[in-house]
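Engineer: Have a look at this one before I ask anything.
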Amino acid sequence: MKHIISIHVANTFGAFDRVATMFSAKGFNIHSISIGETEIKDISRMTIVTSGDGQIIDQIVKQLHRLIDTIKVVDLTEHDHLERELALIAVNYKKGQLDEVKNICDIFRGFVVDINNKSVTLEITGPPAKISAALNVLAPFGIKEIARSGTIAIRRGEQVSYPKQEVA
Amino acid sequence: MKPANTMLSGAEIFFECLREEKVEFIFGYPGGATLKIYEKLHDIDFLQHILSRHEQGATHMAEGYAKATGKVGVVLVTSGPGATNTVTGIADAYMDSVPLVVFTGQVPTALIGNDAFQEADIVGITRPITKHNFLVRDVRELAATIKKAFYIASSGRPGPVVVDLPKDMLNSSCMYQPPEDFSIPGYKPNYSGHPNQIKKAASILADARRPLLYVGGGVIMSGATAELRELAEKNNLPITMTLQGLGAFPGQSEQSLGMLGMHGTYVANQAVNNCDVLLALGARFDDRVTGKISAFAPDAYKIHVDIDPTAIDKNIIVDIPIVGDAKRVIAELSRAMHKTPRVNEWWQQLNGWRAECPLSYDMDSSGLKTEYVLETLSDLTRGEAVVVSDVGQHQMWVAQYYKFNHPRSHLSSGGLGTMGFSVPAAIGAAFAVKDRPVISINGDGGFQMNIQELVTARAYKLPIIFIIINNSFLGMVRQWQELFHDEKYSFTDLRDSNPDFVKVARAFGLPAYTTDRADEVEGLLKNALNHRQGPVLLEFKVVKEDMVFPMVPTGASISDMIVKRLNPQRMV
Ligand SMILES: Cc1ncc(C[n+]2csc(CCOP(=O)(O)OP(=O)(O)O)c2C)c(N)n1
Chain X
1 MKHIISIHVA NTFGAFDRVA TMFSAKGFNI HSISIGETEI KDISRMTIVT SGDGQIIDQI
61 VKQLHRLIDT IKVVDLTEHD HLERELALIA VNYKKGQLDE VKNICDIFRG FVVDINNKSV
121 TLEITGPPAK ISAALNVLAP FGIKEIARSG TIAIRRGEQV SYPKQEVA
Chain W
1001 MKPANTMLSG AEIFFECLRE EKVEFIFGYP GGATLKIYEK LHDIDFLQHI LSRHEQGATH
1061 MAEGYAKATG KVGVVLVTSG PGATNTVTGI ADAYMDSVPL VVFTGQVPTA LIGNDAFQEA
1121 DIVGITRPIT KHNFLVRDVR ELAATIKKAF YIASSGRPGP VVVDLPKDML NSSCMYQPPE
1181 DFSIPGYKPN YSGHPNQIKK AASILADARR PLLYVGGGVI MSGATAELRE LAEKNNLPIT
1241 MTLQGLGAFP GQSEQSLGML GMHGTYVANQ AVNNCDVLLA LGARFDDRVT GKISAFAPDA
1301 YKIHVDIDPT AIDKNIIVDI PIVGDAKRVI AELSRAMHKT PRVNEWWQQL NGWRAECPLS
1361 YDMDSSGLKT EYVLETLSDL TRGEAVVVSD VGQHQMWVAQ YYKFNHPRSH LSSGGLGTMG
1421 FSVPAAIGAA FAVKDRPVIS INGDGGFQMN IQELVTARAY KLPIIFIIIN NSFLGMVRQW
1481 QELFHDEKYS FTDLRDSNPD FVKVARAFGL PAYTTDRADE VEGLLKNALN HRQGPVLLEF
1541 KVVKEDMVFP MVPTGASISD MIVKRLNPQR MV
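If you're matching them up, the sequences are chains X and W in order.
Counting from 1, one number per residue, gives the positions in the first sequence under this note's numbering.
Counting from 1001, one number per residue, gives the positions in the second sequence under this note's numbering.
Structure representation (structure tokens):
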């Protein structure tokens, strides 16, 4: 089963490598991985989409905890959460097709962010399933290139809290 | 002591930190990137630098020292090849949870990534085999980093930490202040087990009819042997130990069933097979212990105490996990036991198995038996020695026949199974252990893997007895070839190529003796034990094609144990 795991790590040299190394050393899957800053200085947040049975996910969470730089690990799949992914999709168009492509983009609440006389680049955000749906519909036009951010996710409502000394 | 708030170079700060950590020994080898440290070392008198003859040797020495004492072993090597030579020792320490801090020199920060002379990305290389590692780019971070390194290496489940020291950082200076207390957010080993889980475990154990304690190296690391003894003796519980657990409980005690697993005793493996409550203490259900997982302690209620949460439910799903330090948890468990389990019938059954198939060997005319050598050694030293085995058949025979009285006395490469471990590890141990004999036991194959360190033993006049169990084969591999690979003895026969070990040892400056006669074993061992002015070497030429039994083949269940040769009799 697919799991989305969010990891807060100290923003130190090699912290990201350590997480990636652990996944490959233990033979765990990574479907997507994304990293960014957080509201707290020197703490980054990684979102990893992985899969495995209960025992494997349990090991993944524990192994992530075991890394010295790890501050917090949450298996978001166990909580009510929001998932988003951003995709930049360059689609070919022929004469007369541009409106159709723009229409599809609108239906998916996306934006046209670049255009030339052969292709148009769309920005679409949403749950990964929505991106896949958009790609399916756009496929007949000819997809030139895709860049996907990987999933990021956050718990609904409740705030992630930190032990005191780490906030400063 | 340098006054606080003075300008110090990185190399000077390095030594201030080691002084703070009360380091007694550094095992090392110099080179270009660490010259500044070696320059300062010249005037340092609060610790001793031990010069190995190979950086792998230095790393195993630090392991031997750490395993024998429980203190952090410290290694210092240069960049590039010096650093890469430590990799096997670091991996070994990682697998066996040995606290090490390995300092590696590094090329100047400006050259990192440039394929500079003697550059290796040791932080990258060691990432999957260290508990943690650091590259110190700024001298102002050096002191705090070293403090963290020692703390991480020695706390929780111990392990190796690498600290990479670029040359320019060591040369630059800053105001030095001994680091204040620090915190590492997110690293807080959990020492005390959950009280409710402990209560539950105690009541299950008290109601058990066929309980078994399965004891691993964690019990020794946490210094829990007194607590273990109390729990076991008060409740008359049988104990089996892993390779790393040997010594946690006296081997001569009636309550000890010996080692379990692939080359474990018949009684220990039968006990695992038939117990109704299995209490695993500081052990990790390694595949060499469990064999076929589904057949391991199939009917037992399983309680698992370990300080490392990842060890729990990794190989085997347990009924009561308790994350905590073995010492505290065992003491609490003892306190929480309101009655003792009724185990008389169980002991009858156990003693039956013990009598049915004890460890045994034939003293026939075929030649000297390793088992005899090791049993004689065990008797002569009354189980009091520190015995450092290498890897192979002799290692299993040491585990079977040497009856260890004390913890931190059986030093062996368990997890990684590193040939070449014994000679340097015994040297490291001998720097710390002065009141008991230190004995390094080797196969003729593994002995050649770090043979250069004989010089180190001689140079420091360490009274180590180096024993070679010479069967002229890579014995353990030969055994597998005989049993499972159609007797194709591919590249395991050393008969034509082995050196004259006595001559080799003498060339290194060690007195050396050899025999193939059983009636000379005791005399040679006695003389060697009395020789305290430096190392000696004894070569025992043993039966060439012997096999270690009992044996549970990989992936088989314990009931498929092979107890005798050529006529693989299936038990049960
Ligand atoms: C560094 C290393 N290389 C290879 C092996 C594989 N191996 C395991 S046991 C063994 C044979 C050891 O032979 P020897 O040292 O003569 O000891 P014996 O088994 O004969 O007691 C080998 C080659 C290993 N464990 N470590």
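Idealized CB from N, CA, C, for every residue including glycine.
Can you list the residues of chain X that K1587 of chain W reaches, using a CB-CB cut of under 7 Å?
Structural biologist: Any property of residue 1587 of chain W remains undetermined from this structure, which presents chain W solely from 1001 to 1572.
Engineer: Check whether chain W comes within 8 Å of D69 of chain X, counting only Cβ atoms and requiring the distance to be less than that.
Structural biologist: Along the first sequence, one-based indexing puts residue 69 of chain X at 69. Chain W, which has a Cβ nearer than 8 Å to the Cβ of D69 of chain X, makes this yes.
Engineer: Along the segment 1-19 of chain X, what residues have a CB closer than 7 Å to any CB found in chain W?
Structural biologist: Correct list: A10, F13, G14, D17 and R18.
Engineer: Cβ atoms of V1215 of chain W and G1282 of chain W: under 8 Å apart, would you say?
Structural biologist: Sequence index remark: in the second sequence, residue 1282 of chain W carries index 282 (1-based). Sequence index remark: in the second sequence, residue 1215 of chain W carries index 215 (1-based). For G1282 of chain W and V1215 of chain W, yes; Cβs fall inside 8 Å.
Engineer: Hey, how far is the Cα of P968 of chain W from the Cα of R1284 of chain W?
Structural biologist: Nothing can be reported for residue 968 of chain W: it is not among the residues displayed for chain W, which extend from 1001 to 1572.
Engineer: Using a C-beta to C-beta distance shorter than 7 Å, which residues of chain X count as neighbours of V1139 of chain W?
Structural biologist: The residue you call residue 1139 of chain W lines up with position 139 of the second sequence. Those within 7 Å of V1139 of chain W in chain X number zero; the least Cβ separation is about 16 Å.
Engineer: Using a Cβ-Cβ cutoff of less than 7 Å, which residues in the same chain neighbour I30 of chain X once the five nearest sequence positions on both sides are dropped?
Structural biologist: Counted from its first residue, the first sequence places residue 30 of chain X at position 30. Excluding positions up to five away in sequence, the list reads F23, I48 and T50.
Engineer: Ligand 1 heavy atoms versus the CB of T77 of chain X: any closer than 7 Å?
Structural biologist: Residue 77 of chain X sits at position 77 when you count from the first residue of the first sequence. The answer is no for T77 of chain X.
Engineer: Quick one: list the residues of chain X neighbouring P1309 of chain W, beta-carbon separation under 8 Å, in chain order.
Structural biologist: By 1-based counting over the second sequence, the position of residue 1309 of chain W is 309. Within chain X, the residues near P1309 of chain W are K62, H65 and R66.
Engineer: Can you tell me whether G54 of chain X is buried or exposed, with buried defined as 16 or more other CB within 10 angstroms of its CB?
Structural biologist: Indexing the first sequence from 1 puts residue 54 of chain X at position 54. Exposed, by the Cβ-count rule.
Engineer: Spell out the partners DSSP gives P1298 of chain W in its beta bridges.
Structural biologist: Translated into positions along the second sequence, residue 1298 of chain W becomes position 298. In DSSP, P1298 of chain W forms no bridge with anything.
Engineer: According to DSSP, is S6 of chain X helix, strand or coil?
Structural biologist: Along the first sequence, read from residue 1 onward, the residue named residue 6 of chain X stands at position 6. Strand at S6 of chain X.
Engineer: Mind checking whether the beta-carbon of T1418 of chain W lies closer than 7 Å to any heavy atom of ligand 1?
Structural biologist: In the second sequence, residue 1418 of chain W corresponds to position 418, counting from 1. Yes, the Cβ of T1418 of chain W comes within 7 Å of a heavy atom of ligand 1.
Engineer: Compare the C-beta of H1132 of chain W with all C-beta atoms of chain X and state if any pair is closer than 8 Å.
Structural biologist: Against the second sequence, residue 1132 of chain W aligns to sequence position 132. Chain X contact via Cβ: present.
Engineer: Helix, strand or coil, according to DSSP, for K1541 of chain W in the structure here?
Structural biologist: If you number the second sequence from 1, residue 1541 of chain W lands on position 541. The answer is strand: DSSP assigns K1541 of chain W an E or B state.
Engineer: At 8 Å on the CB atoms, spell out the chain W contacts of Q55 of chain X, in chain order.
Structural biologist: Along the first sequence, one-based indexing puts residue 55 of chain X at 55. Those within 8 Å of Q55 of chain X in chain W are D1313 and I1317.
Engineer: What three-state label does DSSP hand L1135 of chain W in the structure shown?
Structural biologist: Here residue 1135 of chain W is taken as the residue at index 135 of the second sequence, counted from 1. Three-state DSSP puts L1135 of chain W in a strand.
Engineer: Less than 7 Å separating the Cβ of L1474 of chain W from some heavy atom of ligand 1?
Structural biologist: Within the second sequence, residue 1474 of chain W is the residue found at index 474, counting from 1. Because some heavy atom of ligand 1 lies under 7 Å away, the Cβ of L1474 of chain W counts as near it: yes.
Engineer: Quick one, are the C-beta atoms of I1317 of chain W and V1388 of chain W less than 8 Å apart?
Structural biologist: For this step, residue 1317 of chain W is matched to residue 317 along the second sequence. For this step, residue 1388 of chain W is matched to residue 388 along the second sequence. Cβ atoms of I1317 of chain W and V1388 of chain W: not closer than 8 Å.
Engineer: Given that a residue counts as buried once 16 or more other Cβ atoms are within 10 Å of its Cβ, and exposed if not, what is K1067 of chain W?
Structural biologist: Taking the second sequence and counting its residues from 1, the one referred to as residue 1067 of chain W is at position 67. K1067 of chain W should be labelled buried.
Engineer: Using a Cβ-Cβ distance under 8 Å, would T50 of chain X count as near chain W?
Structural biologist: Within the first sequence, numbered from 1, the residue matching residue 50 of chain X stands at position 50. With 8 Å as the cut-off, T50 of chain X does not count as an interface residue toward chain W.
Engineer: Counting only the same chain and skipping the five closest in sequence on each side, list residues whose C-beta sits under 7 Å from that of H1132 of chain W.
Structural biologist: By 1-based counting over the second sequence, the position of residue 1132 of chain W is 132. If we look at H1132 of chain W and ignore the five residues flanking it on each side, its Cβ neighbours are I1152 and V1161.
Engineer: Indicate the three-state DSSP secondary structure (helix, strand or coil) for P944 of chain W in the structure shown.
Structural biologist: For chain W, the structure presents residues 1001 to 1572; residue 944 of chain W sits outside this window and is missing.
Engineer: What is the rounded straight-line gap between the Cα of L1246 of chain W and the Cα of I1303 of chain W?
Structural biologist: Counted from its first residue, the second sequence places residue 1246 of chain W at position 246. Counted from its first residue, the second sequence places residue 1303 of chain W at position 303. The straight-line gap from Cα to Cα measures roughly 20 Å.
Engineer: Answer with yes or no whether the minimum CB distance from T38 of chain X to chain W is below 8 Å.
Structural biologist: For this step, residue 38 of chain X is matched to residue 38 along the first sequence. No, T38 of chain X does not count as interfacial toward chain W.
Engineer: Put L1076 of chain W into one of helix, strand or coil per three-state DSSP.
Structural biologist: Translated into the one-based positions of the second sequence, residue 1076 of chain W becomes position 76. L1076 of chain W: strand per DSSP, three-state reduction.
Engineer: Grab me the residues of L1510 of chain W's own chain with a C-beta within less than 8 Å of its C-beta, minus the 5 sequence neighbours each way, in chain order.
Structural biologist: Position 510 of the second sequence holds residue 1510 of chain W. So the list reads L1454, A1457, R1458, F1466, G1534, P1535, V1536 and L1537, once near-sequence residues are dropped.
Engineer: For ligand 1, any of its heavy atoms closer than 7 Å to the Cβ of M1095 of chain W?
Structural biologist: Here residue 1095 of chain W refers to the residue found at position 95 of the second sequence. M1095 of chain W Cβ: outside cutoff for every heavy atom of ligand 1.
Engineer: Interface residues of chain W around T47 of chain X at Cβ under 7 Å?
Structural biologist: Here residue 47 of chain X is taken as the residue at index 47 of the first sequence, counted from 1. Within chain W, no residue comes near T47 of chain X; the closest Cβ sits about 17 Å away, beyond 7 Å.
Engineer: Report back the beta-carbon spacing between H65 of chain X and P1309 of chain W to the nearest angstrom; my notes put them in contact at under 8 Å.
Structural biologist: Residue 65 of chain X sits at position 65 when you count from the first residue of the first sequence. Residue 1309 of chain W sits at position 309 when you count from the first residue of the second sequence. Indeed they touch by this definition, with Cβ atoms about 7 Å apart.
Engineer: Straight-line CA distance for R1570 of chain W to M1551 of chain W?
Structural biologist: Start at 1 with the first residue of the second sequence, and residue 1570 of chain W comes out as number 570. Start at 1 with the first residue of the second sequence, and residue 1551 of chain W comes out as number 551. Legend: pLDDT at R1570 of chain W = 35, less than 50; position of this residue unreliable, no value from coordinates given.
Engineer: Output yes or no for whether 8 Å exceeds the beta carbon distance between N1196 of chain W and S1009 of chain W.
Structural biologist: Counting from 1 along the second sequence, the entry for residue 1196 of chain W is found at position 196. Counting from 1 along the second sequence, the entry for residue 1009 of chain W is found at position 9. Not closer than 8 Å, so no.
Engineer: By the DSSP assignment, the beta strand (DSSP E) with I152 of chain X in it spans what residues?
Structural biologist: For this step, residue 152 of chain X is matched to residue 152 along the first sequence. That run of the beta strand (DSSP E) goes I152 to R155.
Engineer: Counting pairs of beta carbons, one from the segment 1130-1144 of chain W and one from the segment 1014-1027 of chain W, are three or more of them closer than 8 Å?
Structural biologist: Because the criterion of three Cβ pairs below 8 Å is met, the segment 1130-1144 of chain W and the segment 1014-1027 of chain W touch.
Engineer: For ligand 1, is there any heavy atom lying closer than 7 Å to the beta carbon of H1485 of chain W?
Structural biologist: Within the second sequence, residue 1485 of chain W is the residue found at index 485, counting from 1. No, ligand 1 has no heavy atom inside 7 Å of this Cβ.
Engineer: Report all residues from its chain with a CB closer than 7 Å to the CB of T1088 of chain W; omit the five preceding and five following residues, and keep chain order.
Structural biologist: The residue you call residue 1088 of chain W lines up with position 88 of the second sequence. Excluding positions up to five away in sequence, the list reads Q1056 and T1418.
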